[in-house]
Every structure is written in structure tokens, then in C-alpha cells.
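Numbering (our numbering), first residue to last: 25 to 172.
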């Protein structure tokens, strides 16, 4: 069944998994990690924060094989408009993102909720490392998807 929306229709949407709003509000800091195309939900959230600002400090870490200069300009503008601290790591230049690099870039990481969207094995490795170093396991949130 297809339902067509009209310009006056009200739509409710959910960011990430949908039921995370209370968990997000309970933490004083957020760390978003996007692996490759996993940056997409964070771009959408930054666009919303540019319209309706939040009060929590947010660090967004993008880990990619390469990034086009035009894409970096757009991403930087979105982050600035949303008051998000952007960290871009390009594999061949900066090395791969791991827990050590994340902890160096975000010193207050233990007081944060970590939101990961990217390759499943990358997220699992990051989660294991951060939890082993003291992050509360329930403060790591991962979207599960695999490229086909």
C-alpha cells in the first residue's frame, strides 16, 4: 500500500535507531563516528542542529579512504553551522581510526555517548577497545549494516 503525503501532512521521524533520544539527552557529550558512507545520518543530524541547536558538545569523526575536496568543504560547513567539532581522518594520510586515535582527539571520551555508523567489524573493534579502556558498554551505540 502506498500513502502519498501532502505538503501539510505532519510526519514524525527518528534519528538513528529511533529510541535513542532519552539516552542522548542523559549524556553530557556525544562522539559520532562515521565510517565511509556511514557519515550519512550524521550529516542529516547536523542539518537539523543548524536549525534547532543542541547544548551538548559533539565531536564527529569521519574515517574514510579518501575524500573529495568539494565534499570536505560541504561537510565542514555543515559541522560549523551545527556547532560540531569535525575530525576527518583519511586512511593513507592519517592512518586508520582506532580507540587510541579517538581517545587522543576527544580527551573527555569517557563521559560521552559514542554513536557509530559504518562497517560492522570496524564498529565492533572500536567498541571493544573503548569498553576495555573504561567506556560504559551501554554508552556505545552502533547501527548495523553491511555493504553487499
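Quick reminder that beta carbons are idealized off the backbone N, C-alpha and C, glycines included.
For residue i and residue j, what's the separation of their Cα atoms in angstroms?
| i | j | result |
| --- | --- | --- |
| residue 132 | residue 54 | 10 angstroms |
| residue 118 | residue 60 | 15 angstroms |
| residue 160 | residue 152 | 11 angstroms |
| residue 62 | residue 163 | 19 angstroms |
| residue 134 | residue 156 | 11 angstroms |
| residue 48 | residue 136 | Because the pLDDT of residue 48 is 49, which lies under 50, any placement of that residue in the model is unreliable, and the number read from its coordinates should be weighed accordingly. Spanning the two alpha carbons is a distance of roughly 9 angstroms. |
| residue 31 | residue 79 | 31 angstroms |
| residue 124 | residue 143 | 19 angstroms |
| residue 83 | residue 67 | 13 angstroms |
| residue 77 | residue 101 | 15 angstroms |
| residue 120 | residue 114 | 8 angstroms |
| residue 116 | residue 88 | 9 angstroms |
| residue 108 | residue 95 | 16 angstroms |
| residue 145 | residue 65 | 19 angstroms |
| residue 126 | residue 138 | 11 angstroms |
Within a Cβ cutoff of 7 angstroms, which residues of the same chain sit near residue i, ignoring the five residues on either side of it in sequence?
| i | result |
| --- | --- |
| residue 147 | 140 and 166 |
| residue 103 | 70, 84 and 110 |
Is residue i helix, strand or coil by DSSP?
| i | result |
| --- | --- |
| residue 155 | helix |
| residue 124 | helix |
| residue 5 | Nothing about residue 5 can be reported from this structure: the residues present for the chain run from 25 to 172 only. |
| residue 147 | helix |
| residue 45 | Note that residue 45 scores 44 on pLDDT, short of 50, meaning its location in the model is unreliable; the coordinates nonetheless yield the value given after this. If DSSP states are grouped into helix, strand and coil, residue 45 belongs with the helices. |
By Cβ distance, which residues of its chain are closer than 6 angstroms to residue i, with the 5 residues on each side in sequence left out?
| i | result |
| --- | --- |
| residue 158 | 134 |
| residue 3 | What the structure shows of the chain is the stretch from 25 to 172, and residue 3 is not part of that stretch, so it cannot be assessed. |
| residue 73 | 106 |
| residue 99 | none |
| residue 81 | 53 |
| residue 173 | This structure leaves residue 173 out entirely; the chain is present only between 25 and 172. |
Within the present structure, is the beta-carbon of residue i separated from the nearest heavy atom of the ligand SAH by less than 7 angstroms?
| i | result |
| --- | --- |
| residue 154 | Of the ligands one can find in the structure shown there are none, so the ligand SAH has no counterpart to examine. |
TODO: List in chain order: all unbroken alpha helix (DSSP H) runs of 4+ residues lying wholly within the segment 80-119.
DONE: Counting only runs of 4+ residues, the alpha helix (DSSP H) found wholly inside the segment 80-119 occupies 93-106 and 115-118, in chain order.
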